[in-house]
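Quick note on numbering: UniProt numbering labels position 181 of the sequence shown as 181, and the sequence is numbered without any gaps. Glycine residues also receive a C-beta, built at the ideal position from the N, C-alpha and C atoms. Given the structure is predicted, the values throughout are model-derived calculations rather than measurements. Report on one structure; see the data block that follows.
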Amino acid sequence: MYTNSLAAGQVVNKFTKEEELHIWSQYEDHLKREVREFECGTSEREAEEEFGRYTEEEEAEILVRIDELKRKLLEVGSNNSLKELLLTNVKLAASFKEEATFPREHISPPSELLSLASTRDELAINHLKLVEEITKGKEELLKLQLANQDILTKNRLILGQATDLELGQYDPSPDDTTDKVRLKEIREKFEISRNVLQSIILASGVDWSSDEHLVELMLLIGDEPQSPGDVLYSTS
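Written out as structure tokens, the structure reads:
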């Protein structure tokens, strides 16, 4: 049986995967039987001996033989398991390839594969969206940092001017002087315009108290401006 099995293994390319797996299974069964015969003492030579005892050298040889058979048995079992797994994978790959190459209406990919593919696509899309949001966030953060830096610079300038004013060391710039002169001119024009309007309304003899617009105008020109903004608004 060894010769046939080994010979079959040497020409394994002439057999199909199923036939090769069957040959290895037979060889494995043969090794199992030999192990059982040695371990249980059922060989013909043991039955013929009076007490079934061996010399130390024979016992050592038997033990070595048993270990060797066990090792071969494990190797064959491992090979068979590996061959079964490979054969299964080959069949699955062939089936999948056939389905992908020649799709048929009654054949569809497993639902698990479709679910995984859908999850993969969804994660990829979410990842791209997240990258885009992060990029926009970084751009907004950079703008805020630049604006904040500009505000800090202006605050330091204003604080320095306030400190100089408090200490009486502030020297007005030409722009500040120009603004004061312009404000004075506006205030003078406002006074002239107010007096002229009051004179016209009172000299006309019109009962301005019965007209809503005239009442509002008289109240407006009769108030003193409290700030430069009031003056600018009143003369606009």
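Which word fits residue i, buried or exposed, when buried means at least 16 other C-beta atoms lie within 10 angstroms of its C-beta?
| i | result |
| --- | --- |
| LEU202 | exposed |
| LEU69 | buried |
| ALA100 | In this prediction, ALA100 has a pLDDT of 49, which is less than 50 and means its spatial position is unreliable; what the coordinates show is noted afterwards. It counts as exposed. |
| PRO103 | For PRO103, the predicted model reports a pLDDT of 49, less than 50, meaning its position is unreliable; a value from the coordinates is still stated below. It is exposed - the Cβ of PRO103 has fewer than 16 other Cβ atoms within 10 Å. |
Just to confirm my understanding: we take residue i, look at its own chain, exclude 5 residues before and 5 after, and list those with CB closer than 6 Å. What are they?
| i | result |
| --- | --- |
| LYS72 | LEU31 |
| LYS154 | none |
| ASP230 | At ASP230, the pLDDT of 44 sits below 50, so the modelled position is not reliable; the number obtained from the coordinates is stated separately. No residues qualify anywhere along the chain. |
What does a CB cutoff of less than 7 Å around residue i pick up in its chain, not counting 5 residues either side in sequence?
| i | result |
| --- | --- |
| PRO228 | Confidence is the limiting factor: at PRO228 the pLDDT is only 40, short of 50, which leaves the residue's position unreliable, though a coordinate-based value still follows. Result list for PRO228: LEU183, in chain order. |
| TRP208 | ILE201, LEU214, VAL215 and MET218 |
| GLU57 | none |
| LEU128 | none |
Who are the Cβ neighbours of residue i in its own chain at under 8 Å, not counting the five residues just before and after it?
| i | result |
| --- | --- |
| GLU34 | LEU69 |
| SER204 | none |
| LEU142 | none |
Check your understanding: Could you give the uninterrupted runs of the beta strand (DSSP E) lying entirely in the stretch 125–209, keeping only those of 3 residues or more?
Key -> none
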